[in-house]
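K.L.:
The structure follows.
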């Protein structure tokens, strides 16, 4: 009797422990990206020019993989192109990247490994704030500049320190711009807001949106919550429908829950336009079939339909290297992240040190990138960019307008 | 709060409860006979869903055929697990087999991750059966209605099987006293394999209903529902089939009611309340709602 109960208890405890661990755990092998050996052979560097070691951390396995794997590819593409063009001031780049496995501890350890073992002088990568904080703290403590490719929490540089920079716009910019688009372009007055409580990205995005929506004079009819991984939205749907529908729905979730939410809400009878931030710029939910054609908008970093040279050249180079179009905006951000580092290292001239790179990143003004024009200052390590509103059509995000954040 | 809203979420709760019930029965049958808490049970469910997805997407077979193929293969996996990971431990303690089942569960999840990646994949059933229609005051799809029907049919069939057939009698005998059953000429291995056969087949059907309902599949899909179904079996009184079903409905309905009736800022934390409820039930009735107050089996 006693023994049986003990076993059942043990089972329950173990089960819960495994469930908790299972949420973020993803075993995957850590692989170093191929360094540019081929390029090294072709260019004859001067005697003084050792390769410049740059590190990359991307969550290419786990929940983040749908956005970080493309970011890694964009980052690698930039390294390739730089090396093919003869490197920076005659020195080639030697990039080493590790998989953060969508695990904060792994991200922090990999930052350590890059700094101590691989002796990198700057780091790029990571598309989500929770992992950016973990890796950023390590880099900051070691005095290594770290440029986050896709993380968008605007207070990251303030929290991590003066060695941290964002490539992307902040969540506040994204949320304000989507609110402006709904209110001004779409003429919406009432919204429903659904928030994933499990990530700081989604809770922040939603609170910026609500704040700005109220400033504009709009009404938040209902604010509802869920936790990433919840599979049943029936109560949320019923509560939403009980409001008699709103002019628009702001869904603050990550890419993984998007398909489930869109499908269930649409089948449940919710017809209002849905909008979300750059977390939905993912190929994942595009597979949601013809439902993707039903009034779904995403505020993101750039649109592939942009005609400018910098965008079209990037898409062409991506296609040449990988045989596909960039999967989402994070590929472009990964690319831009490396381009920011390149520009700073270029400006360093002969004095390529971590501290000098940091200073030169801070001094970047008007750098034309795929995802917009990047400028930093001592006051702001978050570039002010415009947000591109896109609409889901035939499983692609199509450009709608450039939305300002004010 | 209006009554339509309450009834609508109650119907959702019963639907979730039905799915948990099918899974919980699988736990309970195996536990009844082997005293084994089979943590890999939820993963069989996931494997079944992935197989259905593969058959649907690559071969374009009708859903019915995909499900049959998937059930056949998943039952094969279930039996293989029993043969390789549990049968050699038949005489070991409950703790040992429990750990073995956790190891199998982790192994299966990781294998699925290697094959299919950790990314969620949309799992979309044909529109004809997943589009909701107006049924009385509720909006239900064919797959919703199938959930209730399938659960009821399974329960009746299982009851008939246990009470009316020879293998059913053998299962009940093994559950009461395996050694005595063996002495009476019951082929214990066959009974155990049969239990895994039924459990795995039902898990696949539960997986189909769950993934079809919630439109997505990922390697750890079955784990949390499996855990909740296990809790349901414990709340109901583990080993008792009626208990497992009752417990499943209690957990399923409680989950949706907590989600539906608590303030919206609390909905994300509904699982905490569900497990709190489970603790409360067990404090009042340590053997579960229908658990027999028997000692460990001799």
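Protein chains in written order, with our numbering: chain A, 626 to 1031; chain B, 3 to 300.
Note that CB positions come from ideal geometry on N, CA and C, so glycine has one too.
Is residue 982 of chain A near residue 994 of chain A, with beta carbons less than 8 Å apart?
P.N.:
For residue 982 of chain A and residue 994 of chain A, no; Cβs fall outside 8 Å.
K.L.:
Taking the alpha-carbon of residue 785 of chain A as reference, which of A:800, A:768 and A:799 has the nearest alpha-carbon?
P.N.:
A:768
K.L.:
So with CB distances below 9 Å, who are the chain B contacts of residue 881 of chain A?
P.N.:
121, 122, 218 and 220
K.L.:
For residue 857 of chain A, would you say it is in contact with chain B, using Cβ-to-Cβ distances shorter than 8 Å as the test?
P.N.:
yes
K.L.:
By Cβ distance, which residues of its chain are closer than 7 Å to residue 669 of chain A, with the 5 residues on each side in sequence left out?
P.N.:
Here residue 669 of chain A scores only 40 on pLDDT, less than 50, and its place in the model should not be relied on; the value that follows carries that caveat. Nothing meets the Cβ criterion.
K.L.:
Short of 8 Å Cβ to Cβ, which residues in the stretch 112-144 of chain B face chain A?
P.N.:
112, 115, 119, 120, 121, 122, 123, 124, 126, 132, 133, 134, 141 and 143
K.L.:
To the nearest angstrom, report how far apart residue 657 of chain A and residue 722 of chain A are at their CA atoms.
P.N.:
Low confidence applies here, because residue 657 of chain A scores a pLDDT of 40, under 50, leaving its location unreliable; read the following figure in that light. Whole-angstrom Cα-Cα distance: 5 Å.
K.L.:
Among A:679, A:697 and A:675, which one has its Cα closest to the Cα of residue 969 of chain A?
P.N.:
A:679
K.L.:
Which chain B residues sit within Cβ distance under 9 Å of residue 885 of chain A?
P.N.:
122, 124, 216, 217 and 218
K.L.:
Quick one: Cα of residue 744 of chain A to Cα of residue 783 of chain A, how far?
P.N.:
Straight-line Cα distance between these residues: approximately 25 Å.
K.L.:
Residue range of the alpha helix (DSSP H) that residue 26 of chain B falls in?
P.N.:
5-36
K.L.:
DSSP three-state label for residue 50 of chain B, please.
P.N.:
helix
K.L.:
So within the stretch 957-989 of chain A, which uninterrupted alpha helix (DSSP H) runs reach at least 4 residues, ignoring any that extend past its ends?
P.N.:
979-987
K.L.:
So if DSSP puts residue 195 of chain B in a beta bridge, which residue, or which two residues, is it bridged to?
P.N.:
According to DSSP, which records beta bridges pairwise, residue 195 of chain B is partnered with nothing at all.
K.L.:
Near residue 326 of chain B, what residues of its chain come up, given a Cβ to Cβ distance below 7 Å and the 5 sequence neighbours on each side ignored?
P.N.:
Since the first and last residues shown for chain B are 3 and 300, residue 326 of chain B lies out of range.
K.L.:
Would you mind stating whether residue 774 of chain A and residue 955 of chain A have Cβ atoms separated by less than 8 Å?
P.N.:
Yes.
K.L.:
Could one say the Cβ of residue 282 of chain B lies closer than 8 Å to chain A's Cβ atoms, at least one of them?
P.N.:
Taking Cβ atoms only, chain A never reaches closer than 8 Å to residue 282 of chain B, which makes this a no.
K.L.:
In chain B, what lies closer than 9 Å to residue 868 of chain A by C-beta?
P.N.:
By Cβ distance, chain B contributes nothing, its closest Cβ being about 11 Å from residue 868 of chain A, past 9 Å.
K.L.:
Tell me the rounded alpha-carbon separation between residue 899 of chain A and residue 69 of chain B.
P.N.:
34 Å
K.L.:
CA-CA distance, residue 161 of chain B and residue 262 of chain B?
P.N.:
33 Å
K.L.:
Identify every run of the alpha helix (DSSP H) within the stretch 124-192 of chain B, keeping only runs that are complete inside it and at least 4 residues long; order them along the chain.
P.N.:
129-132, 144-166, 168-178 and 180-185
K.L.:
Along the beta strand (DSSP E) that carries residue 847 of chain A, what are the first and last residues, could you check?
P.N.:
Residue 847 of chain A -> beta strand (DSSP E) spans 844-851.
K.L.:
Rounded to the nearest angstrom, how far is the Cβ of residue 885 of chain A from that of residue 865 of chain A, given a contact under 8 Å?
P.N.:
Residue 885 of chain A to residue 865 of chain A, Cβ: 15 Å. No contact.
K.L.:
Are any of the Cβ atoms in chain B nearer than 8 Å to that of residue 828 of chain A?
P.N.:
So, not an interface residue.
K.L.:
Any C-beta of chain B sitting closer than 8 Å to the C-beta of residue 852 of chain A?
P.N.:
By this cut-off, residue 852 of chain A is an interface position.
K.L.:
Within the continuous beta strand (DSSP E) that includes residue 1022 of chain A, where are the two ends?
P.N.:
1021-1028
K.L.:
In chain order, what residues of the same chain lie with their CB nearer than 6 Å to the CB of residue 126 of chain B, ignoring the 5 residues before and after it?
P.N.:
none
K.L.:
Residue 820 of chain A and residue 760 of chain A: beta carbons closer than 8 Å?
P.N.:
Cβ distance not < 8 Å, so residue 820 of chain A and residue 760 of chain A don't count as in contact.
K.L.:
Give the residues from the stretch 22-42 of chain B that approach chain A closer than 8 Å (Cβ to any Cβ), ordered along the chain.
P.N.:
The residues in question are 37, 39 and 41.
K.L.:
Beta carbons nearer than 8 Å to chain A: which residues of the stretch 52-75 of chain B have them?
P.N.:
none
K.L.:
Less than 7 Å between C-beta atoms, sequence neighbours within five positions excluded: which residues of the same chain meet that for residue 919 of chain A?
P.N.:
Closer than 7 Å at the Cβ level, and outside the excluded window around residue 919 of chain A, lie 891.
K.L.:
On a Cα-Cα basis, can you pick out the residue from A:803, A:1023 and A:846 that is closest to residue 811 of chain A?
P.N.:
A:803
K.L.:
Could you check the C-alpha separation between residue 1017 of chain A and residue 198 of chain B for me, to the nearest Å?
P.N.:
45 Å
K.L.:
Would residue 778 of chain A pass as a contact of residue 752 of chain A if the rule is Cβ separation under 8 Å?
P.N.:
Result no, Cβ atoms of residue 778 of chain A and residue 752 of chain A do not sit closer than 8 Å.
K.L.:
Do residue 793 of chain A and residue 963 of chain A count as a contact pair if the criterion is CB distance below 8 Å?
P.N.:
no
K.L.:
Use the C-beta contact count for residue 128 of chain B: other C-beta atoms within 10 angstroms, 16 or more gives buried, fewer gives exposed.
P.N.:
exposed
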